Amino acid sequence: MERTNDWRKFESLGSGASQEQPRQWKGKTGGGKFGQKSLFFILRRMNVAFLYPILFIVVPFYMLFARKGYLSIMRYFRQCHRMSGWNSFRQTFVNHLLFGQIVLDKFAALVGNIRYFTADITGQSCLDELMKKNTGFIVACSHIGNFELSGLLYRHQQKKTYALVYDGENSNLQQVRIEAMRQANIEAVSVCDDMSHLFTLKNALENGDIISIPCDRIYGSSKKIKCEFLGREAYFPLAPFRLATQMNVPVIAFFMMKEKSTKYHAYVFPVEPHSEEPDRIKKAEHLAASFVRSCEDILRKYPQQWFNFYDFWKL
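In the working numbering, the protein residues as written are 166 to 480.
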């Protein structure tokens with residue numbers, strides 16, 4: 166009976182997917198199985214930075230034939246950062262170059278070639294404090310910078326990380342990804358239609374571990390909140406923050422930002438609720454708003470590292 170009650174409680178966090186419109190994004194890495202295998206072979210043996218110049222050839226073709234993503238980033242620079250048409254185009258090109266480099270960096274890390282990467286971290290004390298406690302916590306991540314690289318570089322042995330992932334990649338990439346995550350003490354948790362993944366996340370928090378959840382895409386859920394983001398209104402998922410309030414665990418926002426070549430800078434921000442708010446739903450909304458402010462802060466510093474290639478602000 167207790168499991169049934171828990172099921173109803175946590176199932177409500179992810180219900181309502183069928184009521185939403187189809188996703189505007191595909192969530193799948195391009196290149197095909199053969200191309201990805203070839204890339205893995207090369208990246209096991211050389212510094213990933215040697216491949217960056219190739220992107221100056223690849224990116225123009227990508228922008229030409231993937232116009233939907235290209236135009237959405239152009240609008241992002243024009244409407245959110247108030248740039249001119251020419252400057253928006255130039256920054257869009259840089260954005261695509263950086264995205265290509267970040268994908269290459271991620272692939273290099275997946276095959277274990279991390280010796281060329283270095284990273285500073287701002288907010289280390291916040292992370293260390295949470296690691297020392299017996300309670301679990303939630304890492305709110307996003308499609309800003311190179312979050313996946315952070316898990317492969319910072320290998321936490323004190324606590325296990327359960328990373329919520331959305332299937333769709335080809336089997337070869339999935340296999341490489343899962344093995345790399347396992348070596349970094351990370352377990353991938355796939356989203357299930359029956360919402361059983363919520364029990365895995367709940368158990369991880371109860372055991373004092375970490376769960377990592379993307380908090381900048383709706384993924385079909387009706388549990389969402391409208392926030393002002395970079396001067397325009399956009400929807401953000403509410404379920405991760407409702408989970409945090411129901412389990413009474415802290416939340417941090419983690420961003421892994423590319424500085425230059427293989428140099429990165431990680432940022433850890435505490436996602437603070439309204440301390441005097443007794444209502445859990447409103448408390449979750451305060452958490453979501455705090456996370457959105459963290460995203461705004463990091464994008465003002467790194468505007469070119471926004472990697473949602475669709476009309477994010479379309480309500």
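Every residue gets a Cβ at the ideal spot worked out from N, C-alpha and C, and that includes glycine. Please read all numbers here as calculations on a predicted model, not as lab measurements.
Check whether residue i and residue j have beta carbons under 8 Å apart
i: Phe312; j: Phe419; result: yes
i: Pro402; j: Ile375; result: no
i: Thr287; j: Tyr432; result: yes
i: Gln323; j: Met296; result: yes
i: Thr326; j: Ser290; result: no
i: Asp381; j: Cys460; result: yes
i: Leu366; j: Val354; result: yes
i: His430; j: Ala284; result: yes
Same chain, Cβ closer than 8 Å to residue i, neighbours up to 5 away in sequence not counted
i: Ala345; result: Ala274, Leu275, Val276, Gly277, Leu317
i: Glu371; result: Gly301, Met412
i: Thr257; result: Met228, Tyr235, Ile238, Met239, Phe242
i: Asp462; result: Phe434
6 Å Cβ shell around residue i - same chain, five flanking residues per side excluded
i: Gly310; result: Phe420, Met421, Met422, Gln470
i: Pro415; result: Phe302
i: Ser253; result: Met239, Phe242, Arg243
i: Tyr281; result: Asn212, Thr427
i: Lys298; result: none
i: Ile343; result: Ala353
Sequence-distant residues of its chain with Cβ nearer than 7 Å to residue i (five each side left out)
i: His261; result: Val224, Tyr227, Met228
i: His246; result: Pro468
i: Leu216; result: Leu269
i: Glu442; result: Lys448, His451
i: Leu220; result: Leu262, Gly265, Gln266
Whole-angstrom distance between residue j and residue i, CA atom to CA atom
i: Phe242; j: Met248; result: 6 Å
i: Gly373; j: Ile417; result: 15 Å
i: Phe406; j: Ser307; result: 14 Å
i: Gln411; j: Phe477; result: 28 Å
i: Val436; j: Lys448; result: 11 Å
i: Lys466; j: Asn473; result: 17 Å
i: Leu464; j: Ala305; result: 16 Å
i: Lys202; j: Phe230; result: 23 Å
i: Tyr475; j: Asp270; result: 23 Å
i: Arg209; j: Arg445; result: 48 Å
i: Pro438; j: Ser361; result: 27 Å
i: Ile207; j: Arg232; result: 29 Å
i: Leu363; j: Ala369; result: 10 Å
i: Thr218; j: Gly234; result: As written in the sequence, residue 218 is Pro, which differs from the Thr given in the question. Roughly 22 Å between the two C-alpha positions.
i: Gly250; j: Ser315; result: 34 Å
i: Arg397; j: Gly200; result: 38 Å
i: Arg347; j: Ile279; result: 16 Å
i: Gln186; j: Pro379; result: Caution applies to Gln186, whose pLDDT of 43 falls short of 50 and renders its modelled position unreliable; the model cannot decide the point.
i: Arg255; j: Lys425; result: 18 Å
When the options are compared against residue i, the one with the closest alpha-carbon
i: Glu393; options: Val457, Glu371, Leu236, Ala231; result: Val457
i: Phe434; options: Asp293, Asp476, Gln244; result: Asp293
i: Ala399; options: Glu442, Ser426, Ala454; result: Ala454
i: Ala328; options: Asp381, Gly250, Val356, Leu269; result: Val356
i: Val341; options: Phe272, Ala409, Leu366, Pro438; result: Phe272
i: Phe264; options: Pro468, Arg210, Phe477, Asp476; result: Pro468
i: Lys479; options: His321, Leu314, Ser237; result: Ser237
i: Arg240; options: Phe221, Leu395, Glu442, Lys298; result: Leu395
i: Ile222; options: Val259, Ile207, Ala349; result: Val259
i: Arg320; options: Asn350, Lys298, Ala305, Ile207; result: Asn350
i: Ile390; options: Ile219, Leu452, Asp270; result: Leu452
i: Glu450; options: Ala409, Asn368, Glu424, Arg232; result: Ala409
First through last residue of the beta strand (DSSP E) which encompasses residue i
i: Asp285; result: 283-287
i: His430; result: 428-436
i: Glu326; result: Reading off the sequence shown, one finds Thr at residue 326, where the question assumed Glu. Its beta strand (DSSP E) spans residues 326-330.
i: Arg397; result: 397-402
i: Ser355; result: 351-355
i: Ala369; result: No beta strand (DSSP E) holds Ala369; the alpha helix (DSSP H) holding it covers 362-371.
i: Val304; result: 302-306
i: Ser377; result: 375-379
i: Phe394; result: 389-394
Limits of the alpha helix (DSSP H) - the one that residue i falls within
i: Glu424; result: It is not in any alpha helix (DSSP H) - Glu424 instead sits in the beta strand (DSSP E) that spans 416-425.
i: Arg106; result: Outside the shown range of the chain, which is 166 to 480, sits residue 106, and nothing can be said about it.
i: Ala453; result: 445-466
i: Met211; result: Segment: none, Met211 is in no alpha helix (DSSP H) and carries neither H nor E.
i: Gly316; result: 312-318
i: Ile219; result: Unbroken run through Ile219: none, as it is neither H nor E.
i: Arg243; result: Segment: none, Arg243 is in no alpha helix (DSSP H) and carries neither H nor E.
Closer than 7 Å: residue i CB and nearest the ligand GTP heavy atom
i: Gln256; result: Judged by which ligands are present, the structure shown has none, so any question about the ligand GTP falls away.
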